[in-house]
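J.: Read in the UniProt record's numbering, the sequence shown has 19 at position 19, and its numbers run on one by one without any break. Ideal Cβ placement from N, Cα and C applies to all residues, glycine included. Predicted model only: the values in this text are computed from it and were never measured.
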Amino acid sequence: MDIESLKPILKGQIVQYLNLLDINPADIKDDEPLFGGDLGLDSIDSLELVVLLEREYGIKINNPAEGRKILVDVNHMAEYILANTKAA
Numbered sequence: 001m002d003i004e005s006l007k008p009i010l011k012g013q014i015v016q017y018l019n020l021l022d023i024n025p026a027d028i029k030d031d032e033p034l035f036g037g038d039l040g041l042d043s044i045d046s047l048e049l050v051v052l053l054e055r056e057y058g059i060k061i062n063n064p065a066e067g068r069k070i071l072v073d074v075n076h077m078a079e080y081i082l083a084n085t086k087a088a
């Protein structure tokens with residue numbers, strides 16, 4: 001799978017895992033900040049995103065500093081998934 005194929009899947013998973021009922025996955029921009037932007041995500045949501053990465057892609061994030069670098073936007077998450085998993 002390439003990054004452009006992964007991004008819409010990832011957006012759907014973000015909406016599903018975070019129960020963002022009012023957000024259409026296609027409306028999330030690839031470079032839109034996940035935190036501090038229009039999505040309004042908080043620290044609890046960051047934990048849910050870590051769970052998403054572990055369950056869906058087998059990626060464990062144990063270091064909070066590493067998580068802050070990964071959970072920036074859809075682009076960063078997709079790049080990290082592709083670089084760190086064989087499933088994608």
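Could you tell me which uninterrupted beta strand (DSSP E) segments, each at least 3 residues in length, are contained entirely in the UniProt domain "Carrier" (4–85), listed from first to last along the chain?
T.: With a minimum length of 3 residues, no continuous beta strand (DSSP E) run stays inside the UniProt domain "Carrier" (4–85).
J.: Figure out for me which residue from 6, 84, 76 and 19 has the closest Cα to the Cα of residue 32.
T.: Closest by alpha carbon: 76.
J.: Under 8 Å: do the stretch 78–85 and the stretch 15–22 share three or more Cβ pairs, one atom per stretch?
T.: In short, these stretches do not touch, since the Cβ pair count stays below three.
J.: Does the distance from the CB of residue 37 to the CB of residue 50 come in under 8 Å?
T.: It is not a contact, given that the beta carbons lie outside the stated cut-off.
J.: To the nearest angstrom, how far is the alpha carbon of residue 9 from that of residue 71?
T.: Each residue's alpha carbon lies about 16 Å from the other.
J.: Does the Cβ-Cβ distance between residue 61 and residue 52 come in under 8 Å?
T.: Taking 8 Å as the Cβ cut-off, residue 61 and residue 52 do not qualify as a contacting pair.
J.: Use the C-beta contact count for residue 26: other C-beta atoms within 10 angstroms, 16 or more gives buried, fewer gives exposed.
T.: With fewer than 16 Cβ atoms within 10 Å of its Cβ, residue 26 is classed as exposed.
J.: Measuring straight from C-alpha to C-alpha, what distance separates residue 90 and residue 42?
T.: It is not possible to answer for residue 90, since the shown part of the chain is limited to 1 through 88.
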